[in-house]
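Step one of this worksheet: look at the structure below.
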Amino acid sequence: MRLKRLATATAVAALTTAGLTLLPAGTASAATVLKDDYNGDGYRDLAIGTPKANSVTVTFGSASGVGPGKSVTVSQATTGVPGTTEAEDEFGENVTSGDVNGDGYADLIVGAPGEQVADWASGSVTVVWGGAKGFTTGGRVYHSPTADDERFGEGAVFVDLDGDDHAQLSVVSAKKWWWYSDSNAPQDGYAPEVEFVPSDVTLEGQTADQFHGTGVGRTYTYVLYGKHADGSPYMGWVNGGPGDIGYYSGEIDRDYTGSTTEAAATGDVNGDGYPDLVTGQRADNTIWIFYGGSTIFGDEMEAMHKITQDSAGVPGVTEPEDGFGASVTVGDMDGDGYDDIAVGAPGETVDGVTGTGSVTVLKGQKDTALPGRAYHQETSGVPGVAEKGDAFGSTVRFKDINGNGRADLAVTASGEDIGSTADAGAVTVLRGSSPYLTTTAVTSFNGADFGLLGAGLHFGTTLR
24 MRLKRLATAT
34 AVAALTTAGL
44 TLLPAGTASA
54 ATVLKDDYNG
64 DGYRDLAIGT
74 PKANSVTVTF
84 GSASGVGPGK
94 SVTVSQATTG
104 VPGTTEAEDE
114 FGENVTSGDV
124 NGDGYADLIV
134 GAPGEQVADW
144 ASGSVTVVWG
154 GAKGFTTGGR
164 VYHSPTADDE
174 RFGEGAVFVD
184 LDGDDHAQLS
194 VVSAKKWWWY
204 SDSNAPQDGY
214 APEVEFVPSD
224 VTLEGQTADQ
234 FHGTGVGRTY
244 TYVLYGKHAD
254 GSPYMGWVNG
264 GPGDIGYYSG
274 EIDRDYTGST
284 TEAAATGDVN
294 GDGYPDLVTG
304 QRADNTIWIF
314 YGGSTIFGDE
324 MEAMHKITQD
334 SAGVPGVTEP
344 EDGFGASVTV
354 GDMDGDGYDD
364 IAVGAPGETV
374 DGVTGTGSVT
384 VLKGQKDTAL
394 PGRAYHQETS
404 GVPGVAEKGD
414 AFGSTVRFKD
424 INGNGRADLA
434 VTASGEDIGS
444 TADAGAVTVL
454 RGSSPYLTTT
464 AVTSFNGADF
474 GLLGAGLHFG
484 TTLR
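Per the numbering used here, the very first residue in the sequence shown carries number 24; after that it's consecutive.
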C-alpha cells in the first residue's frame with residue numbers, strides 16, 4: 024500500500040457534490056446550536072458512513088424527513104477535504120459532529136482508522152466544516168500525537184471535557200485515548216495525565232455524557248469500549264472535569280456481562296433527569312442499562328438492569344444467532360419525556376428466513392420493565408421483504424430529523440442486495456410517533472441512490 028503524509032493545515036476550497044442536490048442554502052442568521060445541523064436550517068441531519076466506499080453521505084433534515092434529493096456525499100476525493108482516497112482508509116468507519124470552529128454551524132467529524140501515514144501512526148480524523156451552504160469551506164485533519172500509536176480514529180466524541188462550557192474533541196485509537204484543548208488545533212492533542220487503559224486492550228469506540236449528579240459535579244464521563252487480548256469485553260470510564268484527566272477512572276469488571284465490545288448509547292430512559300448508559304453485546308444477546316444519578320460506576324454496580332428477548336414485555340425469544348444487542352440507540356420517539364431504546368438483532372430469523380434481522384423498540388419509563396415492539400422487513404409498511412442475510416438492524420440511530428419533537432429511527436440492513444449486487448446495503452427511516460414508531464411515510468434508500476453501488480459495500484455501516 025502507498026504511504027503518505029497528509030497536510031494538517033486547514034483547506035479552504037469548494038466541495039464537489041458528485042452530482043447530488045444540496046438543501047437550499049440558509050443564511051448566517053439561520054445558524055443553529057443543534058449538534059448535527061450542518062447547514063443551519065434548524066433541522067438535524069443524518070450522516071451515513073460507508074467505510075468500504077471511503078465516504079460519508081449526509082442527508083439533510085427537513086419537515087418532510089430525509090432522502091437522496093437533499094444530500095451530499097463527502098470523501099477524501101472531494102475538493103477541499105484533506106487527503107487522498109485509498110482503499111484501506113476506512114473513511115467513515117465512525118462519524119460524529121459538533122461546532123469545532125465556533126462559527127455556529129455543526130461540523131462533520133469523520134474517523135478513518137485505516138489511513139496510512141508515512142513514518143507515523145496509522146489513522147486519521149477529518150473535520151469538514153459545515154456552513155449555510157453546506158460543506159463548502161474545506162476542512163482539517165488530525166493524526167495521532169505519537170508515532171507509536173495505531174488506528175487513530177476508531178472513535179470520537181465532541182463534548183465539554185473540563186467543565187468550562189467549551190466542547191473539545193476526544194479520539195480513541197486501538198490502544199489510546201486522546202483529547203484536545205479548547206483550541207481543537209491538531210497540534211494540541213494530549214494523553215491523560217494518568218493512564219487508565221490496560222495494555223492488553225484493543226479499543227473499538229467511545230461515548231460520553233453527564234451520567235453523574237452531586238458528588239462529582241455535572242461534568243462528562245467518557246466510556247471507552249473494546250476487548251481484552253483474551254477476547255473478553257472491556258468497558259472503561261474516565262471522568263472529565265478540572266484536574267488531572269485520567270485520575271478518576273476505572274474498568275467495569277469483565278465478569279459483568281454488562282460490558283460491551285461494540286455498542287453503547289446514552290439517554291434518560293427512566294426520566295429522572297440524568298442520562299443513562301445503554302450497552303449491547305451480540306454474543307450474549309443482551310443489553311444492559313446503567314442508570315445515571317449521584318453515582319453510576321461503582322464497586323457494587325447496583326444501578327444495572329439486564330434485558331434480553333426473554334424479558335417480560337420484550338417480543339421474541341433468545342436464540343444463539345439473533346445478535347440482539349449488536350447495535351443500540353436511545354431517543355424519545357413519542358415525545359413523552361422518556362428516552363426509548365432501539366436494539367438491533369441483525370441475525371434474527373423472521374418467518375423462517377434466517378439472518379433477515381429485526382429491531383426491537385423498548386419504551387422508556389420509570390419502571391425497569393420496558394415494554395417493546397419489533398420491526399422488520401415483514402412488518403406492514405416497512406419496505407422490502409425478509410431475505411436471508413439482510414441483517415436488518417445491523418446499525419440503528421434515533422434522531423428527530425423532521426423537527427416534530429419525536430425521534431425518528433434510521434435502520435441499516437447491511438446485507439441487503441440491490442438488484443444483482445450482493446450485500447450492497449440499505450437504510451430505512453421510520454418516523455417517531457406514539458405509542459411506538461409509525462410505519463406510514465417510511466423512507467428507504469440505498470447506495471445506488473447516491474452513486475455508491477458495489478458488492479459488499481454495506482452502505483450505512485455507520486449512522487450518525
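Ideal placement from N, C-alpha and C gives every residue a C-beta, glycine not left out.
- DSSP, read as helix, strand or coil, puts D232 in strand.
- Between the segment 290-297 and the segment 206-223, the count of C-beta pairs closer than 8 Å stays below three; the two stretches do not touch.
- A distance below 6 Å between beta-carbons, with the five flanking residues on each side excluded, links V123 to the following residues of its chain, in chain order: D130, V150 and N207.
- For D130, the enclosing beta strand (DSSP E) has its first and last residue at D130 to A135.
- Measuring C-alpha to C-alpha distances from Y248 to each of Y271, H235, L300 and D205 identifies L300 as the nearest.
- Here the segment 453-460 makes contact with the segment 429-440; the two share three or more CB pairs at distances below 8 Å.
- A direct Cα-to-Cα measurement between T108 and E342 gives close to 41 Å.
- Here H189 is exposed. Its C-beta has fewer than 16 other C-beta atoms within 10 Å.
- In this structure, E173 keeps its C-beta atom at 8 Å or more from the C-beta atom of A155.
- DSSP, reduced to helix, strand and coil, places R487 outside both helices and strands of the structure shown, so it counts as coil.
- An exposed status is given to G404, since fewer than 16 other beta-carbon atoms sit within 10 Å of its beta-carbon.
- The closest CA to that of G470, considering only G90, Y61, E177 and G178, is found on G90.
- Distance from the Cα of G137 is smallest, within the candidate group G125, G121, H235 and E116, for E116.
- Taking all protein chains in view, the Cβ of G442 is surrounded by fewer than 16 other Cβ atoms within 10 Å, so the residue is classified as exposed.
- Under a 10 Å Cβ-count criterion, D187 is classified as exposed, with fewer than 16 other Cβ atoms of the shown protein chains found around its own Cβ.
- Under DSSP, the beta-bridge partners assigned to Y248 are G228 and M258.
- Judged by beta-carbon spacing, R305 lies within the 8 Å limit of G348, meaning their Cβ atoms are closer than that value.
- Residue environment: G339 is assigned as buried (16 or more neighbouring CB atoms within 10 Å of its CB, all protein chains considered).
- Going by C-alpha positions, A445 is about 10 Å away from D413.
- A Cβ-Cβ separation of about 5 Å places A368 in contact with S381 under the 8 Å criterion.
- Beta-bridge pairing by DSSP links M327 to F313.
- Taking a contact as a CB-CB distance under 8 Å, the pair G259 and V292 does not count as one, their CB atoms being some 22 Å apart.
- Here DSSP, grouped into helix, strand and coil, assigns D472 to helix.
- Scanning the segment 378-422 for uninterrupted alpha helix (DSSP H) segments of 4 residues or longer gives nothing; none is fully contained.
- Secondary structure at D299: strand, using DSSP grouped into helix, strand and coil.
- Assigned with DSSP and collapsed to three states, A190 falls in coil, not helix or strand.
- Contact check for G290 and G336: beta-carbon distance about 19 Å, past the 8 Å limit, so the pair fails to qualify.
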